[in-house]
Every structure is written in C-alpha cells, then in structure tokens.
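See below for the structure under consideration.
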Amino acid sequence: AQRVTQPEKLLSVFKGAPVELKCNYSYSGSPELFWYVQYSRQRLQLLLRHISRESIKGFTADLNKGETSFHLKKPFAQEEDSAMYYCALKRNQGGKLIFGQGTELSVKP
Amino acid sequence: EPEVTQTPSHQVTQMGQEVILRCVPISNHLYFYWYRQILGQKVEFLVSFYNNEISEKSEIFDDQFSVERPDGSNFTLKIRSTKLEDSAMYFCASSDGGLGEKLFFGSGTQLSVL
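As you go down the protein sequences, you meet chains A and B in turn.
In this text, residue positions in the first sequence follow the working numbering: the first is 1, and each later residue adds one.
In this text, residue positions in the second sequence follow the working numbering: the first is 110, and each later residue adds one.
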C-alpha cells in the first residue's frame, strides 16, 4: 500500500536557521512527489513537485529513491515560512494524492 | 491565479440530515476531487471524478456519499444521512491532468454534525 510518513508533527526553528522537513514514502512504482503548504487561514497550495526540480521561496526537495525520501529543505528560514507543510504522493495522471500527516513549521524571530 | 470556490464555508447540521457541499472547479480543468480533514488528522482522499464519472473512491466514500457535476460548472458532494464522525473540513480540488499536475484546492467547508 502507498503511504507517506512525516515523522515530525512540529518543527520549531529560529529565523535564519536551516530547515529540513522529513518525508518518507512507500510505493513500489515510480511515484510523483509533492510538497503542499497551508499558511494560516489560507487554502492548501502546491509548493513544489519533484518532477520540476525547482526551488520555490528558497525551498528545495530531492527525491531519493534509494531511501524513499523527499525531504524539504531551506538553508535560511524566514518567519513567513511558518505554516503547515504536507508531503504528498501520486501514482498516476489524474490519480489521488496521498498525504502525510503534515508538519507544522514555526519560525521564531 | 484562478481559484476553486467552495460554498458554504461553514455548515452545521443535525445527525441524520442530508447535506450538499458545493464546489466550482477551475473552468478548464478535467479532474475533480474531494478530500476531508478531521481535526488533528491528515488530509484524506474521498473521491476523484473524471469524464463525468467516479474514477476512484476511498473506503470512506460509502453509500452515504455521492458526487455530481450537474451543470458542467458545479461539482457537489452529498452526504445522505450525516453521522457525528462526518464532522470535518471538506476540500474540493481540481486539476488539468498531466505529468506532475498541480491540484488547486478550495478553501474548504467546515462541516459540523451535531
């Protein structure tokens, strides 16, 4: 069965510190991996996807198939990064997203 | 940027009553989804809809649930006889398909079953 695991429920860092939000998945095929973010009182929105190999708002994530991980990283956290972050997996085009439990990132001044 | 619109933002109902949650997906999108999030838990998939039919549904999506795209613009989720455990935030989403497709989410409907 497909599963996404985010081991940290809450991650608290100081502004300017590096951030790594962990995500591990289980899926036997070739998944598509995503990070979605939900800022306070806003809707869920896509942050980045592994297929694009992009950097959004300073965040990057590399798919490591050997470790089945897709950790989200940012070298210098900003207060405006405080939000809920969800790692998600999709098997195929138009298929459902399977979400992890989410990690709340709190960046303190 | 275009948005998915959901109404109402809050819905309070009595157990056993029927509710209809409404969504207007982005106009050129082809895939439509309902998700829900019970307080303190993960976002869970309920159902996906493509080409005017259900393409996939979860175990949660039992006979009490149904979806409809009645007029080519709205996408509704109906719960026939609500239970206390149906209380959750319900999110609608849509996408245009394609590799690495981006899902656009609505702001959600908070359903409270009393």
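Beta carbons: idealized from backbone N, C-alpha and C, even for Gly.
Residue of the options minimising C-alpha distance to residue i
i: A:R53; options: A:Q42, A:G94, A:R43 and A:K73; result: A:K73
i: A:I113; options: A:E20, A:P18, A:P31 and A:L11; result: The structure shown does not extend to residue 113 of chain A, since chain A is modelled only from 1 through 109, so no value can be given for it.
i: B:R131; options: B:K211, B:I169, B:L186 and B:I163; result: B:L186
i: A:L33; options: A:F99, A:S12, A:V107 and A:E80; result: A:F99
i: A:V13; options: A:D81, A:N92 and A:R3; result: A:D81
Where residue i falls, given that 16 or more other Cβ within 10 Å makes a residue buried
i: B:I188; result: buried
i: A:G58; result: exposed
i: B:R145; result: buried
i: B:G149; result: exposed
i: B:S136; result: exposed
Under 9 Å from the C-beta of residue i: neighbouring residues of chain C
i: A:L89; result: The chain labelled as chain C is not found among the protein chains of the depicted structure, namely A and B.
Chain A within 8 Å of residue i, Cβ atoms only
i: B:S136; result: no
i: B:V176; result: no
Residues of its chain near residue i, where Cβ-Cβ distance is below 7 Å and the 5 sequence neighbours each way are ignored
i: B:V222; result: T122, M124, T191, K192, L193, D195 and S196
i: A:G122; result: Since the displayed chain A opens at 1 and closes at 109, residue 122 of chain A lies outside it and no answer follows.
Short Cβ contact (8 Å threshold) for residue i with residue j
i: A:F70; j: A:A83; result: no
i: B:S203; j: B:Y140; result: yes
i: B:V156; j: B:I163; result: yes
Cut-off 8 Å between Cβ atoms - residues of its own chain near residue i, not counting five sequence neighbours on either side
i: A:L44; result: Y36, V37, Q38 and Y86
i: B:G215; result: E112, V113, T114, Q115, C132, F200, C201 and A202
i: A:E67; result: N24
8 Å Cβ cutoff, residue i in contact with chain B
i: A:F99; result: yes
i: A:K96; result: yes
i: A:L46; result: yes
i: A:Y86; result: yes
Contacting residues, own chain, Cβ-Cβ under 6 Å from residue i (five flanking each side not counted)
i: A:K90; result: E32 and L97
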